[in-house]
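Down below is the structure, laid out as structure tokens.
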Amino acid sequence: MEDRPSADEVLLIGTVVDAFGLHGEIKVRSVTDRVDHLRHHVQTVFVGEERRPFPLQRIREPKTGVLILTLGGVTDRTMAEALRGAEVTIRECDAAPLEADEYFIHQLYGLRVVESSGAEIGIVREVLQTGANDVIVVERHGRSDTLLPMIHDVVESLDVAAGQIVVRLLPGLIDEEG
């Protein structure tokens, strides 16, 4: 039996929304766009808060955002229904390699946000996924939080290893009063 990874070692790929069919398949609302990578490179998924390991035997994508997974050991509809609502994760080390301008959302939390002049703005407290682009919520010491879009016009550099995001502030992005 495979070791169960800690919460810090996994990435969410989706949430079980229902059983599918009679033979134990599960229907998953997916949050990944790397289905081919999952299909060819991931052998084990982890289900639920306890991150129970299951061999990933088959994966289908009938439509964008929906996956049908066949998991080893889940052999009937009743077993599949018991997983409803559970998160499905993979080890971060099994994830597809990131492109130069990509990041995992969890990597942004706690990063320092500074202006290109070097002036510190604050710390990333939250990441909002708006559909068009991510937006970071920056906690500013003694001031109200500010929202900054993660777009090329604003973000000059993002260095996870250095723990820093350098931004170019466009007029009106920060309320100087708050």
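Residue numbers (full-length UniProt numbering): 1 to 178. For each residue, glycine too, the CB sits at the ideal point set by N, CA and C. Bear in mind the structure is a predicted one, so any value in this text is a computation, not a measurement.
8 angstroms contact criterion, which residue i and residue j should meet: CB distance rounded
i	j	result
R4	F46	7 angstroms
V66	K27	7 angstroms
R125	V137	5 angstroms
A19	A95	Contact doesn't hold; Cβ gap of about 26 angstroms is too wide.
L56	T44	6 angstroms
Residue i classed as buried or exposed, judged by whether at least 16 other C-beta atoms fall within 10 angstroms
i	result
V160	exposed
S144	exposed
R51	buried
R108	At residue 108 the sequence reads Leu, which differs from the Arg that was named. Buried, since its Cβ has 16 or more Cβ neighbours within 10 Å.
T70	buried
E102	exposed
I165	buried
A86	buried
Distance, residue j Cα to residue i Cα
i	j	result
P62	I68	8 angstroms
A119	L147	17 angstroms
V155	E49	34 angstroms
S157	G110	16 angstroms
V17	L11	18 angstroms
Q129	H23	35 angstroms
S117	V167	9 angstroms
H37	R112	32 angstroms
P53	F104	22 angstroms
E9	H41	17 angstroms
V114	E139	12 angstroms
L173	G131	19 angstroms
V31	D175	33 angstroms
residue 202	R77	No statement about residue 202 is possible, as the shown extent of the chain runs from 1 to 178 and does not include it.
P97	A82	32 angstroms
H106	G73	31 angstroms
N133	V127	10 angstroms
Any chain B beta carbon closer than 8 angstroms to residue i
i	result
E115	As a matter of chain content, chain B is missing from the structure shown, which is built from one protein chain.
C-beta atoms of residue i and residue j nearer than 8 angstroms
i	j	result
L170	D153	yes
H141	G163	no
G14	R29	yes
R91	I59	no
Threshold first: 3 residues or longer. Then list the beta strand (DSSP E) segments lying entirely within the region 72-112, N to C. Counting whole runs of 3 or more residues, the region 72-112 contains the beta strand (DSSP E) stretches 87-91.
Curious, which full-length alpha helix (DSSP H) runs of at least 4 residues does the region 16-51 contain? Segments of the alpha helix (DSSP H) lying fully in the region 16-51: 35-41.
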